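Read the structure below first, then the notes.
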Amino acid sequence: MGFPEQRLRRLRESEGLRRLVREVRLDPADFVYPLFVVAGRDRTEAVEAMPGVLRRSPDLAAGEARRAHEAGVPAVILFGLPASKDPEGSHAWRDDGPVQEAVARIKDAAPELVVMTDVCLCQYTDHGHCGVIRDGRVDNDASLERLAATAVSHARAGADVVAPSDMMDGRVGAIRRALDQEGYSQVAILSYAAKYASAFYGPFREAADSAPRFGDRRTYQMDPANGREALQEVALDVQEGADIVMVKPALAYLDVIAAVAARFDVPVAAYAVSGEYAMIKAGAQAGWLDERAVVLESLLAIKRAGARFILTYHAVEACRWLEEDGL
Ligand code: PBG
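Following my numbering, the numbering of the sequence shown begins with 59 at its first residue and continues without gaps.
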C-alpha cells in the first residue's frame, strides 16, 4: 500500500488525534533540578553565563528545593562550592560542607523530595581537576578513596542518590563498597557513565568555579567522537553496581542515549547541560527563539531518544509550562 490510499496526515488532523497517537509525553516526574550551593547564610550569587540560575547558601537552597517540589519536580541534584580548596579536595568529604548542610535542610523542608548529590573533586581541588594529581597526572586509583569518602559523607547527611561525575575507572565499585560498609546499602548510585569531554560544560564551570587550572579533562572524560565506547563505560558501571546510568551532554548525544537505552535494562538519565541551557537562554533573550517551545521540544527529543528522566536547569519552568498546557 502507498499513496493515495495511505495518508499519514490523517492522524494529524486534530489535536485529539495527535494526542491519541503521541508516542512520548513529558511529565513533571521526568525532571531533576540542579542546585548550586555555597557556604554561608542568606546568600545568593548570579551566574552570568546562566541567566536565571543562582548559587545559594544551604538555607536558601532548601527554600528553592521546596518551591521546585511544589511545582511538581521529584528530585534535585546538588553541586557544592566549598569555603576553600586544596590539592586533595578535602572539603568535599567534610560533614559540615555546604552540600552536606543543604541535604539536611532540604530533607527538613521537603521530606518527599529525592535528594541527589554530585560526587566529584573538581569544585574542591585548587587545580580544578576531578581527581588528585600525582607526578603531574590525574591519578585514578588515589582519587577513588577520596570520591568514596565524599559519597559516604553525602549519604550520612541524608542523600538518597549519589552521582559520581569524575570519570575515574572503578569509582562506582569503590563507592558501592564504601556505602555498603558504612551501612548505606539503600543509597542508590546514579553514575555519569558516558560523560564526554564537552565544551558545553563551559557555563557550569563559571557556576561551580571548577575550571581546570591547567590542561583539560580529556584524559578522563570521553572523546566526543566515540559512541561504542559509551556502551563499554555503561557496561562496566552497571557491573560495578550503578543503579541508574547517565549520558551527558544530552542534545548533541541523542544517538548515545538511544544506543544505551536499547542495550541496557537499568534506567537511563540524560543531562541537558549548562551550555544547552545557555544557548536557549541567549536565543530567547535576543528574541530569536521561543524559549518555552524550544525547551519542551528539546526535552521531548531527549525522552524520545530513550532517557527515562532528564537533569535540566529548566526543570521548574518545564513543570509550570506542562501544567499550563494541561498535559
Ligand atoms: C563535575 C561536573 C561538571 C558538570 C557536572 N558535574 C563539569 C565538568 O565535568 O567539567 C557539568 C554540568 C553542566 O555543564 O551543566 N565534574
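Idealized CB from N, CA, C, for every residue including glycine. The model shown is predicted, which means the values in this text are computed figures rather than measured ones.
TODO: Counting only the same chain and skipping the five closest in sequence on each side, list residues whose C-beta sits under 6 Å from that of K361.
DONE: Correct list, in chain order: V82.
- [ ] State whether the segment 223-242 contacts the segment 313-320, with contact taken as three or more CB pairs (one from each stretch) at a distance under 8 Å.
- [x] No, the segment 223-242 is not in contact with the segment 313-320.
- [ ] Taking all protein chains shown into account, decide if D176 is buried (16 or more other Cβ within 10 angstroms of its Cβ) or exposed.
- [x] Classification of D176: buried, given that the 10 Å Cβ count is 16 or more.
Open item on the list: Going by C-alpha to C-alpha distance, which of F367, V374, Y329, L369 sits closest to R350?
Closed with: Minimum Cα-Cα distance from R350 among the listed residues F367, V374, Y329, L369 corresponds to V374.
TODO: Would you mind working out which of D267, S249, A269 sits nearest D301, comparing C-alpha positions?
DONE: Comparing Cα-Cα distances from D301 to each of D267, S249, A269, the minimum goes to S249.
- [ ] Flag P145 as yes when its Cβ comes closer than 8 Å to any non-hydrogen atom of the ligand PBG, and as no otherwise.
- [x] No, the ligand PBG has no heavy atom inside 8 Å of this Cβ.
Open item on the list: According to DSSP, simplified to helix, strand and coil, what is M304?
Closed with: Three-state result, M304: strand.
- [ ] Could you tell me which of E382, S268, V79, R286 sits nearest to F182, measuring between CA atoms?
- [x] Per the sequence presented here, residue 182 reads as Tyr, with Phe not at that position. Out of E382, S268, V79, R286, S268 has the C-alpha closest to the C-alpha of Y182.
Task: Rounded straight-line distance, which links the Cα of G60 to that of C178 - done: C-alpha separation (whole angstroms): 55 Å.
TODO: Could you tell me which uninterrupted alpha helix (DSSP H) segments, each at least 4 residues in length, are contained entirely in the segment 88-160, listed from first to last along the chain?
DONE: The alpha helix (DSSP H) runs lying completely inside the segment 88-160 and spanning 4 residues or more are 116-129, given in chain order.
- [ ] Starting from L205, follow the alpha helix (DSSP H) in both directions and report where the run begins and ends.
- [x] That run of the alpha helix (DSSP H) goes 198-215.
Task: CB of G155 within 9 Å of CB of P140, strictly - done: Yes, the pair counts as a contact, with Cβ atoms nearer than the cut-off.
Open item on the list: Can you determine whether any heavy atom of the ligand PBG sits closer than 8 Å to the C-beta of G333, and answer yes or no?
Closed with: For the ligand PBG, at least one heavy atom lies less than 8 Å from the Cβ of G333.
Open item on the list: How far does the beta strand (DSSP E) with L248 in it extend, from its first residue to its last?
Closed with: Per DSSP, L248 belongs to the beta strand (DSSP E) from 246-253.
- [ ] Would you check whether the ligand PBG has a heavy atom nearer than 8 Å to the C-beta of C188?
- [x] In this structure, the ligand PBG has a non-hydrogen atom nearer than 8 Å to the beta-carbon of C188.
- [ ] Compute every distance between the C-beta of D176 and the non-hydrogen atoms of the ligand PBG, then say whether any falls below 8 Å.
- [x] Proximity of the beta carbon of D176 to the ligand PBG is indicated: a heavy atom of the ligand is located closer than 8 Å.
Open item on the list: For A433, which residues in the same chain have their Cβ closer than 7 Å to its Cβ, ignoring the five residues on either side in sequence?
Closed with: The structure shown does not extend to residue 433, since the chain is modelled only from 59 through 385, so no value can be given for it.
TODO: Would you give the residue range spanned by the alpha helix (DSSP H) that F258 belongs to?
DONE: That residue, F258, is in no alpha helix (DSSP H); it is neither H nor E in DSSP.
Task: Cβ shell of D295 (< 7 Å), same chain only, five flanking positions each side left out - done: So the qualifying residues of the chain are V230, S249, A251, V303.
TODO: Using a threshold of 9 Å, state whether the C-beta atoms of G186 and S201 are closer than that.
DONE: G186 places its beta carbon 9 Å or farther from that of S201.
Open item on the list: Cutting at 7 Å between CB atoms, please list the residues of its own chain near A129, excluding the five before and the five after it.
Closed with: V374, C377, R378.
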